[in-house]
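Shown next, in structure tokens, is the structure this report addresses.
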Amino acid sequence: MVLFRRRITVIMALLFMATLISCWLGNDGAAASSRTAAVIIVIAAIKMRFVMCDFMEIKYAPLLLKFFCDAWIATVAAAILILQWQARIVS
Amino acid sequence: MTECLAATRHEAGHWPGEPALWSLICADMALFGFMFVVYAHDRAQNLTLFEAARPAMNQALGLAATLLLLASSWFIASAVQAARLDRPRIARFCVLPGLLCAVAFCVLKYFDYAEKFQAGITPNTNLFFTYYFALTGIHLVHVLAAIGVMSWAGLRLGRPATRTADFVLLESAASFWHLVDILWIMLFALLYLIG
Chain A
-3 MVLFRRRITV IMALLFMATL ISCWLGNDGA AASSRTAAVI IVIAAIKMRF
47 VMCDFMEIKY APLLLKFFCD AWIATVAAAI LILQWQARIV S
Chain B
1414 MTECLAATRH EAGHWPGEPA LWSLICADMA LFGFMFVVYA HDRAQNLTLF
1464 EAARPAMNQA LGLAATLLLL ASSWFIASAV QAARLDRPRI ARFCVLPGLL
1514 CAVAFCVLKY FDYAEKFQAG ITPNTNLFFT YYFALTGIHL VHVLAAIGVM
1564 SWAGLRLGRP ATRTADFVLL ESAASFWHLV DILWIMLFAL LYLIG
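Chains A and B are the protein sequences, given in the same order. Residues in the first sequence are numbered from -3 upward in steps of one, following this note's numbering. Residues in the second sequence are numbered from 1414 upward in steps of one, following this note's numbering.
Okay, structure coming up:
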């Protein structure tokens, strides 16, 4: 069926792979290192953007909404990464 | 049916769903974004405690829940695309497995919570688990709301004379559905993977 050969099917396969890679990185038995945690957060942010753009169809949305969604992902991910980095510096 | 396609076609500046609903979705995003940052702040202040709590998290259940929500999002996105292609029956066929994936997610959350309670872990155990139960609990309420709205949209799709309003309802329900998925992606990373 044409419907199931569309871009969103490729995106879903990539999201599945990214999830498995994240899980593998975060499942090393010990506490996640600063770098590993940062990679996991960045992968999560990329996954969120793919879901927004391709599943939620934000890529066709008005510019203001696109800007809000991108700014939200960037702000949340950056804040978490900075706090994560500060925590490692302090500890 | 041309009217339906015109109302849902891809063109620059197309709102995915009812524009008014987007004020609710944006407010929800802002609220969850704030909670994610507050969690990260408290984690930075109590790093040892949060990392010590991580082994109590069942990553296999978290992984399964994440894959279920991603699959459900794909089914719902496929439903919207089918509706746009003027195929309401295929759209309805896609909504059902999407709903089943979300119900399976709720069942997994039940087992996740049950496992914690059996291990004597409650929201009062420590700060990490206060966040765990609060964030996943609020998210679960969102999943249940999404199931309700999507069920309604799916039922309306099957009516003999599907109207433009039904497609807009489907798009609106789908936008809320994907929001639930997006929020879980970050919750999974924060709570299950980095602890």
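Here a beta-carbon is modelled for each residue, glycine too, at the ideal position from N, C-alpha and C.
Considering only their Cβ atoms, is the gap separating residue j from residue i smaller than 8 angstroms?
i: Phe1518 (chain B); j: Leu1482 (chain B); result: yes
i: Phe1445 (chain B); j: Leu1570 (chain B); result: no
i: Ala1495 (chain B); j: Ile1503 (chain B); result: yes
i: Ser1588 (chain B); j: Pro1429 (chain B); result: yes
i: Thr32 (chain A); j: Leu21 (chain A); result: yes
i: Leu1548 (chain B); j: Leu1600 (chain B); result: yes
i: Gly1608 (chain B); j: Ala1473 (chain B); result: no
i: Val1508 (chain B); j: Gly1567 (chain B); result: yes
i: Ile69 (chain A); j: Met44 (chain A); result: yes
i: His1552 (chain B); j: Met52 (chain A); result: no
i: Ile1610 (chain B); j: Leu1512 (chain B); result: Residue 1610 (chain B) is absent from the structure shown; chain B starts at 1414 and stops at 1608.
i: Phe1541 (chain B); j: Phe1447 (chain B); result: no
i: Tyr1452 (chain B); j: Tyr1526 (chain B); result: no
i: Trp1435 (chain B); j: Met8 (chain A); result: no
i: Ala40 (chain A); j: Ala1484 (chain B); result: no
i: Ser36 (chain A); j: Leu1606 (chain B); result: What sits at residue 36 (chain A) in the sequence shown is Ile, not Ser. Yes, Cβ-Cβ distance for Ile36 (chain A) and Leu1606 (chain B) is below 8 angstroms.
i: Ala57 (chain A); j: His1427 (chain B); result: yes
i: Ser30 (chain A); j: Trp81 (chain A); result: yes
i: Val1562 (chain B); j: Ala1578 (chain B); result: no
i: Pro1536 (chain B); j: Phe1524 (chain B); result: no
Tell me which residue opens and which closes the alpha helix (DSSP H) that residue i is part of.
i: Thr1364 (chain B); result: The displayed coordinates of chain B run from 1414 to 1608. Any statement about residue 1364 (chain B) would go beyond what the structure contains.
i: Phe1601 (chain B); result: Looking at the DSSP string, Phe1601 (chain B) is not in any alpha helix (DSSP H), and its letter there is neither H nor E.
i: Lys1522 (chain B); result: Pro1501 to Gln1531
i: Lys43 (chain A); result: Ser30 to Phe46
i: Leu1480 (chain B); result: Gln1472 to Arg1497
My understanding is that residue i touches residue j, with C-beta atoms under 8 angstroms, so please give their C-beta distance in whole angstroms.
i: Met1470 (chain B); j: Leu1604 (chain B); result: 7 angstroms
i: Ala1457 (chain B); j: Leu79 (chain A); result: 5 angstroms
i: Leu61 (chain A); j: Ile54 (chain A); result: 7 angstroms
i: Leu1583 (chain B); j: Ala1440 (chain B); result: With a Cβ gap of about 22 angstroms, Leu1583 (chain B) and Ala1440 (chain B) do not count as contacting.
i: Ala1478 (chain B); j: Lys1529 (chain B); result: Not really, about 14 angstroms apart at Cβ, beyond 8 angstroms.
i: Ile4 (chain A); j: Asp50 (chain A); result: 6 angstroms
i: Ile1598 (chain B); j: Val47 (chain A); result: 7 angstroms
i: Cys19 (chain A); j: Leu1476 (chain B); result: 5 angstroms
i: Ala73 (chain A); j: Val38 (chain A); result: 7 angstroms
i: Glu1431 (chain B); j: Val1593 (chain B); result: With 8 angstroms as the limit, Glu1431 (chain B) and Val1593 (chain B) do not qualify as a contact, their Cβ atoms being about 17 angstroms apart.
Tell me the DSSP secondary structure of residue i in three-state form.
i: Glu1464 (chain B); result: helix
i: Arg1576 (chain B); result: coil
i: Gly1446 (chain B); result: helix
i: Arg2 (chain A); result: coil
i: Met104 (chain A); result: This structure does not reach residue 104 (chain A), given that chain A is present from -3 up to 87, and the question cannot be answered.
i: Thr1535 (chain B); result: coil
i: Pro1432 (chain B); result: helix
i: Ala57 (chain A); result: coil
i: His1591 (chain B); result: helix
i: His1454 (chain B); result: helix
i: Gly22 (chain A); result: helix
Check: Going along the segment 1463 to 1480 of chain B in order, which residues come within less than 7 angstroms of chain A, judged by CB to CB distance?
Finding: Glu1464, Arg1467, Gln1472, Leu1476, Thr1479 and Leu1480
Check each residue of the segment -1 to 13 of chain A: if its Cβ is closer than 9 angstroms to any Cβ of chain B, include it; give the result in chain order. Leu(-1), Phe0, Arg2, Ile4, Thr5, Ile7, Met8, Leu11 and Phe12
Contact list for the segment 1507 to 1537 of chain B against chain A, Cβ threshold 9 angstroms: Cys1507
At a Cβ cut of 8 angstroms, what residues of the segment 45 to 57 of chain A count as close to chain B, listed as they run along the chain? Val47, Met48, Asp50, Phe51, Met52, Glu53, Ile54, Tyr56 and Ala57
- Name, going along the chain, the residues of the segment 1564 to 1580 of chain B whose beta-carbon falls closer than 8 angstroms to a beta-carbon of chain A. none
Please name the residues in the segment 29 to 46 of chain A whose beta-carbon is closer than 7 angstroms to at least one beta-carbon of chain B, in chain order. So the close ones are Ala33, Ile36, Ile37, Ala40, Lys43 and Met44.
Worksheet item: Of the residues that make up the segment 1421 to 1452 of chain B, which ones have a beta carbon closer than 8 angstroms to any beta carbon in chain A?
Response: His1423, Glu1424, Ala1425, Gly1426, His1427, Trp1428, Pro1429, Trp1435, Cys1439, Met1442, Ala1443, Gly1446, Phe1449 and Val1450
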